[in-house]
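Counted from 1, the sequence shown has number 21 at position 1 by the working numbering; the numbering is strictly sequential.
Glycine residues also receive a C-beta, built at the ideal position from the N, C-alpha and C atoms.
All of these numbers come straight from a predicted model, not from anything done at the bench.
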Amino acid sequence: MSETAKLILDGREYELPVVTGTMGEKAVDISALRANTGYITLDDGYGNTGSCESKVTFIDGEKGILRYRGYPIEDLAKNSSFIETAYLVIFGKLCTQQERDDFADLLTQNAPLHQSMLKHFDGYGSNGQPMAILSAMVNSLTAYDPQVMHPEDENDLFYAAASLMSKVRTIAAASYKTTIGEPIVYPRKDLKYVENFLHMMFSSPYHDYEPTPEVVRALNMFFVLHADHEQNCSTSTVRMVASSKANMFASASAGISALWGRLHGGANVAVIEMLQKIHDEGLDPAVFMDEVKDKASGRKLMGFGHRVYKNFDPRATILKEAAFDMLEKMHIEDPLLDVALKLEEVALEDDYFVERKLYPNVDFYSGIILRAVGIPLDMFTVMFAIGRMPGWIANWKEVHEDPKARIYRPRQVYQGDLDQIWVPRSERS
Ligand code: ACO
Numbered sequence: 021m022s023e024t025a026k027l028i029l030d031g032r033e034y035e036l037p038v039v040t041g042t043m044g045e046k047a048v049d050i051s052a053l054r055a056n057t058g059y060i061t062l063d064d065g066y067g068n069t070g071s072c073e074s075k076v077t078f079i080d081g082e083k084g085i086l087r088y089r090g091y092p093i094e095d096l097a098k099n100s101s102f103i104e105t106a107y108l109v110i111f112g113k114l115c116t117q118q119e120r121d122d123f124a125d126l127l128t129q130n131a132p133l134h135q136s137m138l139k140h141f142d143g144y145g146s147n148g149q150p151m152a153i154l155s156a157m158v159n160s161l162t163a164y165d166p167q168v169m170h171p172e173d174e175n176d177l178f179y180a181a182a183s184l185m186s187k188v189r190t191i192a193a194a195s196y197k198t199t200i201g202e203p204i205v206y207p208r209k210d211l212k213y214v215e216n217f218l219h220m221m222f223s224s225p226y227h228d229y230e231p232t233p234e235v236v237r238a239l240n241m242f243f244v245l246h247a248d249h250e251q252n253c254s255t256s257t258v259r260m261v262a263s264s265k266a267n268m269f270a271s272a273s274a275g276i277s278a279l280w281g282r283l284h285g286g287a288n289v290a291v292i293e294m295l296q297k298i299h300d301e302g303l304d305p306a307v308f309m310d311e312v313k314d315k316a317s318g319r320k321l322m323g324f325g326h327r328v329y330k331n332f333d334p335r336a337t338i339l340k341e342a343a344f345d346m347l348e349k350m351h352i353e354d355p356l357l358d359v360a361l362k363l364e365e366v367a368l369e370d371d372y373f374v375e376r377k378l379y380p381n382v383d384f385y386s387g388i389i390l391r392a393v394g395i396p397l398d399m400f401t402v403m404f405a406i407g408r409m410p411g412w413i414a415n416w417k418e419v420h421e422d423p424k425a426r427i428y429r430p431r432q433v434y435q436g437d438l439d440q441i442w443v444p445r446s447e448r449s
């Protein structure tokens, strides 16, 4: 007999079905609650709400487990390129050599932007925010390739996903070039995904950039670690927009905007700003922590804490080790790494952080790697967006392909004024 939960409301008992996930996690299905009882549930910030059933990513926040399509993040970070990971996340299986080649061909074919689209970049000033440009440009792509708006079969979807994956990288690099006042660099046919991105970022008409293997490996891993993270703020936004039948590009553009905030993807910028301030002003990490713990300061230890992880974020563990390895191989001494290590040490022994189960998240060490690659600070969240694109596409695809999908439309508990009587302006006090 299937499991049910009992709910008593106004003296009446209701049975609610219990849904069990493939990893054993349980959810009380309340989809018929309002129809049967007149009540809704209230869950400010959705901390207890499963908004969907999904097959893309599994997280066990208590045990610090993260898997894409069942594959542990540790294995993928070690063995898989970003493009193979993207294929896995989007299409649900490890690609064969043929599938890998077909996907890579489409990525190469889709790397350049429409010539007219390049003119948009001229309209942005040199102080333009790359995240603003990225979000606007990803949305604009459909104006130049309407074919991607309504994918009708697997082939159309394959094309649209490859186009978005490829073009987001070209746009990101072009937005950087725009903000530093250099000419946009065209993609090259002979380069792989990460190498091509680095070429468009750092080559110029008078200089060909040649990345080291360490840089390519580190960036591949950075993107792999960011590829998906189930129903976080930006991915939920993508699904929300997708549920209205908006196209993949418009939905991803909304995801980019959601990612921008400092409590989400923007935290990777905030972490470096915080470490830099502590370093430049010679602040004692322990004293800085006192400020963080004082709620009145409004300050947080950026790169710490997570809605789901109540144990180490496995991505932070991998990134910390990779940061050490990379700096050593590249003979770089980054003083901010020392500040980060000291902060972590203090936090892990402090009751405030221990009791609240606050550990380093993905953003705490990722900035050290991006700095070593040479990525400027205002491009950090753009890098996150490139990495997260497979997850957004996979979640968009799940909504798009679900025959039972309904438009997402949460309810609310109204706490505003009661019936008001309209008063002409001349009579208002
Ligand atoms: N520094 C200090 N205190 C913190 C921090 C932090 N980084 N994170 C949480 N807390 C405190 C809260 O103030 C709260 O204290 P209280 O119980 O005394 O009220 C307690 O820990 C529980 O935290 P919540 O607010 O319930 O955590 P929530 O799940 O709402 O927020 C979030 C998670 C946004 C990630 C939060 O931990 C935070 O702001 N961290 C810093 C920003 C950051 O690193 N964001 C990146 C997250 S990963 C990502 O999105 C890619």
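Item to check | the segment 421 to 437 in contact with the segment 267 to 284 per 3-pair CB rule at 8 Å | outcome: By the Cβ test, the segment 421 to 437 is not in contact with the segment 267 to 284, since fewer than three Cβ pairs between them sit closer than 8 Å.
Item to check | chain C within 8 Å of Arg327, Cβ atoms only | outcome: Checking the listed chains, one finds no chain C in this structure; it contains a single protein chain.
Next on the checklist: Less than 7 Å between C-beta atoms, sequence neighbours within five positions excluded: which residues of the same chain meet that for Met260?
Outcome noted: Position 240 of the sequence shown, counted from the start, is the residue given in the question as residue 260. Hits under 7 Å: Tyr428.
Next on the checklist: Quick check on the DSSP output: the alpha helix (DSSP H) that includes Arg259 runs from which residue to which?
Outcome noted: For this step, residue 259 is matched to residue 239 along the sequence shown. Residues 253 to 262.
Next on the checklist: Please tell me whether, using a cut-off of 7 Å, the distance from the CB of Asn252 to the nearest non-hydrogen atom of the ligand ACO is below it.
Outcome noted: Reading the sequence shown from its first residue, position 232 is the one you call residue 252. If you check the C-beta of Asn252 against the ligand ACO, you find a heavy atom less than 7 Å away.
Checklist entry - When you compare each of Val419, Ala55, Met220, Thr337 to Ser264 by their alpha carbons, which one comes out closest? => result Here residue 264 refers to the residue found at position 244 of the sequence shown. It is Val419 whose Cα lies nearest to the Cα of Ser264.
Checklist entry - Can you name the residues that DSSP bridges to Ile85? => result As a position in the sequence shown, residue 85 is number 65, starting the count at 1. Beta-bridge pairing links Ile85 to Asp80.
Checklist entry - Whole-angstrom Cβ separation of Val451 and Leu321, contact assumed at under 8 Å? => result Absent from the structure is residue 451, since the part of the chain shown begins at 21 and ends at 449.
Checklist entry - If you count every other CB in all the chains shown that lies within 10 Å of the CB of Ala262, and 16 or more means buried, which is it? => result Indexing the sequence shown from 1 puts residue 262 at position 242. Buried, by the Cβ-count rule.
Next on the checklist: Tell me which residues share the same chain as Ile276 and place their Cβ nearer than 8 Å to its Cβ, disregarding the 5 neighbours each side in the sequence.
Outcome noted: Counting from 1 along the sequence shown, the entry for residue 276 is found at position 256. So the qualifying residues of the chain are Met151, Leu154, Ser155, Val158, Ser254, Ala405.
Item to check | Rounded separation between Leu114 and Asp333 - CA only | outcome: Reading the sequence shown from its first residue, position 94 is the one you call residue 114. Reading the sequence shown from its first residue, position 313 is the one you call residue 333. Taking the CA atoms as reference points, Leu114 sits about 24 Å from Asp333.
Next on the checklist: Can you give me the C-alpha to C-alpha distance between Leu184 and Asn130, rounded to a whole angstrom?
Outcome noted: As a first step, residue 184 must be located in the sequence shown, where it is residue number 164. As a first step, residue 130 must be located in the sequence shown, where it is residue number 110. Going by the C-alpha atoms only, they are around 8 Å apart.
Item to check | For Val393 and Asp248, believed in contact at Cβ under 8 Å, the rounded distance | outcome: As a working mapping, residue 248 is identified with position 228 in the sequence shown. As a working mapping, residue 393 is identified with position 373 in the sequence shown. Contact between Asp248 and Val393 does not hold, since their C-beta atoms are separated by about 22 Å, which reaches or exceeds 8 Å.
Next on the checklist: Whether or not the segment 377 to 386 and the segment 326 to 342 are in contact is what I'm after, with contact meaning three or more pairs of Cβ atoms, one per stretch, closer than 8 Å; do they touch?
Outcome noted: With a cut-off of 8 Å, the segment 377 to 386 and the segment 326 to 342 count as touching, because enough Cβ pairs lie within range.
Item to check | Complete alpha helix (DSSP H) runs within the segment 128 to 160 (minimum length 4 residues, chain order) | outcome: Every alpha helix (DSSP H) stretch that sits fully inside the segment 128 to 160 and reaches 4 residues is listed by chain position as 135 to 142.
Checklist entry - Quick one: Cα of Lys197 to Cα of Met220, how far? => result Counted from its first residue, the sequence shown places residue 197 at position 177. Counted from its first residue, the sequence shown places residue 220 at position 200. Straight-line Cα distance between these residues: approximately 8 Å.
Checklist entry - What residues in its chain sit with their C-beta under 6 Å from that of Leu86, if we drop five residues either side in the sequence? => result Reading the sequence shown from its first residue, position 66 is the one you call residue 86. So the qualifying residues of the chain are Ile79, Ile93, Pro334.
Checklist entry - Taking only runs of the beta strand (DSSP E) that begin and end inside the segment 22 to 102, which ones reach a length of at least 3 residues, in chain order? => result Counting only runs of 3 or more, we get 24 to 29, 32 to 40, 46 to 48, 77 to 80, 85 to 88.
Item to check | Length of the line joining the Cα atoms of Thr116 and Tyr213 | outcome: Here residue 116 corresponds to residue number 96 of the sequence shown, with the count starting at 1. Here residue 213 corresponds to residue number 193 of the sequence shown, with the count starting at 1. Just so you know, the alpha carbons of Thr116 and Tyr213 end up roughly 18 Å apart.
Next on the checklist: Following a CB-centred definition, is Glu397 positioned closer than 7 Å to any heavy atom of the ligand ACO?
Outcome noted: As a position in the sequence shown, residue 397 is number 377, starting the count at 1. A quick correction: the sequence has Leu, not Glu, at residue 397. No; taking the cut-off as 7 Å, the Cβ of Leu397 has no heavy atom of the ligand ACO nearer than that.
Checklist entry - Which whole-angstrom value is the C-beta distance of Gly407 and Val109, which I expect to be below 8 Å? => result Taking the sequence shown and counting its residues from 1, the one referred to as residue 407 is at position 387. Taking the sequence shown and counting its residues from 1, the one referred to as residue 109 is at position 89. 11 Å between Cβ atoms; not a contact.
Item to check | Given Gly84 as reference, the closest of Val328, Pro231, Asp371, Met403 once Cα atoms are compared | outcome: As a working note, residue 84 is residue 64 in the sequence shown. Distances from the CA of Gly84 to each of Val328, Pro231, Asp371, Met403 were compared; the closest alpha carbon is that of Val328.
Item to check | Stretch-stretch touch, CB-based, cutoff 8 Å, three pairs: the segment 199 to 213 with the segment 290 to 303 | outcome: Fewer than three Cβ pairs drawn from the segment 199 to 213 and the segment 290 to 303 lie within less than 8 Å of each other, which leaves the two stretches out of contact.
Next on the checklist: Please state the DSSP three-state secondary structure of Phe324.
Outcome noted: The count along the sequence shown starts at 1 and reaches residue 324 at position 304. The answer is strand: DSSP assigns Phe324 an E or B state.
Checklist entry - Helix, strand or coil: how does DSSP classify Ser449 here? => result Here the question's residue 449 lines up with position 429 in the sequence shown. Assigned with DSSP and collapsed to three states, Ser449 falls in coil, not helix or strand.
Next on the checklist: According to DSSP, is His227 part of a helix, a strand, or is it coil?
Outcome noted: What you label residue 227 is simply residue 207 of the sequence shown in a count that begins at 1. Strand at His227.
Next on the checklist: Comparing C-alpha positions only, which one of Gly58, Ser100, Arg445 sits nearest to Leu245?
Outcome noted: Locating residue 245 in the sequence shown gives position 225, counting from the first residue. Of the listed residues, the one whose Cα sits closest to Leu245 is Ser100.
Checklist entry - When the distance is taken between beta carbons, is Phe242 closer than 8 Å to Met350? => result The count along the sequence shown starts at 1 and reaches residue 350 at position 330. The count along the sequence shown starts at 1 and reaches residue 242 at position 222. Judged by their CB atoms, Met350 and Phe242 are not nearer to each other than the 8 Å cut-off.
Next on the checklist: Cutting at 6 Å between CB atoms, please list the residues of its own chain near Ala425, excluding the five before and the five after it.
Outcome noted: Numbered from 1 along the sequence shown, position 405 holds the residue referred to as residue 425. By the criterion of a C-beta distance shorter than 6 Å, Ala425 is surrounded in its chain by Val419, once the five residues flanking it on both sides are discounted.
Item to check | the ligand ACO heavy atom lying under 7 Å from the CB of Met474 | outcome: Only positions 21 to 449 of the chain appear in this structure, which leaves residue 474 out of reach.
Checklist entry - So which of Asn415, Ala97, Ser22 has the shortest CA-CA distance to Thr337? => result Along the sequence shown, read from residue 1 onward, the residue named residue 337 stands at position 317. Closest option to Thr337, Cα to Cα, is Ala97.
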